[in-house]
Structure formats: C-alpha cells, structure tokens
Amino acid sequence: MHTPPAWAPEVVSPEQLERWIVPSIRGERHECYAITEAGAGSDVDAIEATARREGEAYVLNGTKMHVTSYNSADYLFFQAKIEGGPHAGEHAMFFVDKDTPGVHLVREPAYSHTFPDSHAIVAFKDVRVPASNMVGREGDGLDFTYAWFRYERLMIAARCCGAAERLIEEATAFAKDRVQFGEPIIAFQAIQHMLADSLTELWAARLMTYELAKNIDRGVDVKIQHAQCSMAKLYASEMANRVADRAVQIFGGRGYMRENVAERFYREVRVDRIWEGTSEIQRNIVADQLAKRGVRMLAG
C-alpha cells in the first residue's frame, strides 16, 4: 500500500476488510486518499465535500486536490461532511472504487516530487455508494484522519532519515574523490563541517523516530503520541532539507544535474515540510500540548 491506514483493520467491517484492505496488503489493490480540497489543507475541518444519505446509499459530491497515487490506485478513501440528519456537518469517510460512475479526473498537475505517482485533482459528482461503504459511523471521519496523520508523520520521519543517510553517504564519497587545489575536498574544513552537521542531525532524528515508534507500540496516551509524531515529523523533515541543501552544495554544479541523487532528493524532501501537516502546524500542535502537559510528559 502507498499509505497504509494502520487503523483500518480495527474499524472496518469484515466485508470491507476482505474487499479492500486485505487485497491492498497483498499488493493486489492500491488506494489513494481524497481528503484535501482547494480551501481545506491544514484546516481539514474546512472541507466542503458532502455525503447525503438516500435510503441504503450515500450520494457524494465534492472536488479533491493532491490525490497522491491516483494514477496507480483503484479505490479511494473519500472524506466528506454529512448533509442532514443528527450528524449534519460532521465528517464521514467512505471507500469509493475509482470506476464508480461520477468519479472524474479533472487533471493531473506536474509536481516536483514523486514523478511516478500523480497528484490528481478529482471531482465527485453525485457519486452513489452503498451505505456499507462507510468506514465506521457518521461522525468518525475526522478521528480516522487524525489517526492517519499520526501514522503518516511517523512514516515521513523515517523516510527523511533514510533520505539523509543516502545523501550523506553520496556526498562523503564524492568529497573523498573530488580533487580541487591539489587535494580531496573532504580535507577542507568547510566541507567537513557540512558533513559533520548532517551526520549529527541524522543521528538525532533517527533516535527521535525510534523513540516515537517505541512509544506507539507501548500504547502511550494518544495526545502524547500526536505531539511526538509532530515533533518527529517536524525535526526529521527540516533536517533532511538541510542535509539535501548541503549535499547539493558539496556536489557543486553536479548537484544540480537531474542525474545526480542530490538533485533528486533536493526536490523530493521539500514536500515533507508541507504534506501531512506543514511545519507551522506541527509547531502549533507541539506548543499546545507543551502548555497542557509539560516538558517531562512529551520529552521525558
């Protein structure tokens, strides 16, 4: 799966598990998430997509942006607000097969990162799905999204650590071989300091990521998990961007060539400071939990 919903096996119905989740785990099906909208990025609750109950079905309407991996997916997780009834205005999430009538690809803008995966704009026009396609109950959708954010932020932290390690290895190898002014550039203190800073920051980010994963496995309070996921995502993503920038600098002109790993990663890791919650949103979450719980609860 591209972005496995770790919460799914616990909340989906047996039918949903067999129809969508198990085949995805086997690699037989692929999902994508239709949550973000033109007016709802960091503010997920601002979505305008709707779900209206009609008998034993729901009618879905709305336009979603940044639907990553739409080109390779065959179903979507669609998030909407309930229209009418006791849960009006609350969130709900639905499984929607991509070939369902009314699901329409608007366009696939070109992005700087992950060329193999499109990040489509997708319109849903009177898309009718069985009520059994709802994940959980009316009103549960936002909780599922927050759970997904926690998982994704941990995953981003881990991915950024891997990217930084590769960049440091490549930049170090190049600095050993690249000769200027009669000696390898790794002998120059400026290059040494860039590599030393990168390695030190990678170690810190990796330890933070491991500690977070351990706390999740331990089942620590979900609010603490939420804050620590934000801290790990914030630090690791910004660390990877600094490492990528230094790597480009060490490679010099070669670092700007499309065939160079530094150029690729320089583009790829930039989005990690934006998606699944911007760095600014992560700082807001951390500061809020710090005020409520104190230093020892979050970093003890």
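Numbering of the sequence shown is given in my numbering, commencing with residue 9 and proceeding in unit increments. Glycine included, C-beta positions come from ideal geometry on N, C-alpha and C.
Asked	Found
With a threshold of 8 Å on Cβ separation, who are the neighbours of residue 266 within its own chain once the five nearest residues in sequence on each side are excluded?	272
Return the chain-ordered list of same chain residues with a C-beta closer than 6 Å to the C-beta of residue 14, the five sequence neighbours on each side being excluded.	159
Name, in chain order, the residues that DSSP records as bridge partners for residue 249.	Per DSSP, none; premise fails for residue 249.
Pull up the DSSP beta-bridge partners for residue 99, would you.	89
Could you pull out every residue in the same chain whose Cβ sits closer than 6 Å to the Cβ of residue 242, ignoring the five residues on either side in sequence?	287 and 290
Check whether the Cβ atoms of residue 262 and residue 202 lie closer than 8 Å to each other.	no
By the three-class DSSP mapping on this structure, what secondary structure does residue 306 have?	helix
Under 8 Å, with one C-beta from each stretch per pair, do the segment 89–102 and the segment 43–58 reach the 3-pair mark?	yes
Could you check what DSSP says for residue 26 in three-state terms: helix, strand or coil?	helix
Here's a check: name, in chain order, each residue in its chain whose Cβ is nearer than 7 Å to the Cβ of residue 25, leaving out the five neighbours to either side.	17
Where does residue 299 sit, in a helix, a strand or coil, going by DSSP?	helix
Do you know offhand how far residue 114's Cα is from residue 45's?	13 Å
Do residue 38 and residue 82 count as a contact pair if the criterion is CB distance below 8 Å?	yes
Please name the residue, chosen from 244, 222, 59 and 259, that lies closest to residue 193 on a Cα-to-Cα basis.	259
If you check the beta carbons only, do residue 169 and residue 277 fall under 8 Å apart?	no
Please give me, in chain order, every unbroken run of the alpha helix (DSSP H) with length at least 4 that falls completely inside the segment 185–241.	197–226
Do you know offhand how far residue 199's Cα is from residue 171's?	19 Å
Report the start-end ranges of each beta strand (DSSP E) in the segment 112–167 that is 3 residues or longer and not cut off at the edges.	127–138
For residue 65, does the three-state DSSP call read helix, strand or coil?	strand
Sorted by chain position, which residues of the same chain lie with C-beta nearer than 6 Å to residue 75's C-beta, five sequence neighbours on each side aside?	40, 42, 128 and 130
What does the alpha-carbon distance come out to for the pair residue 20 and residue 178?	43 Å
By the 10 Å Cβ neighbour count, where 16 or more other Cβ atoms means buried, how is residue 123 classified, buried or exposed?	exposed
In the DSSP assignment, find the beta strand (DSSP E) that holds residue 42 and state where it starts and stops.	39–42
According to the Cβ coordinates, are residue 210 and residue 176 closer than 8 Å?	yes
May I have the straight-line CA-CA distance separating residue 9 from residue 34, to the nearest angstrom?	Note that residue 9 has pLDDT 45, beneath the 50 cutoff, so the model's placement of it is unreliable and no number is given.
Pair every Cβ in the segment 133–152 with every Cβ in the segment 220–238, then say whether three or more of these pairs are closer than 8 Å.	no
Can you name, in chain order, every residue of its own chain whose Cβ lies under 8 Å from the Cβ of residue 107, other than the five neighbours on each side?	82
Do residue 293 and residue 235 have their CB atoms nearer than 8 Å?	yes
Near residue 116, which residues of its chain fall below 6 Å by C-beta distance, leaving aside the five closest residues on each side in sequence?	126 and 128
Hey, is residue 166 close to the ligand COA, as in C-beta under 7 Å from one of its heavy atoms?	Summarising the ligand content, the structure contains no ligands, and the ligand COA is consequently not present.
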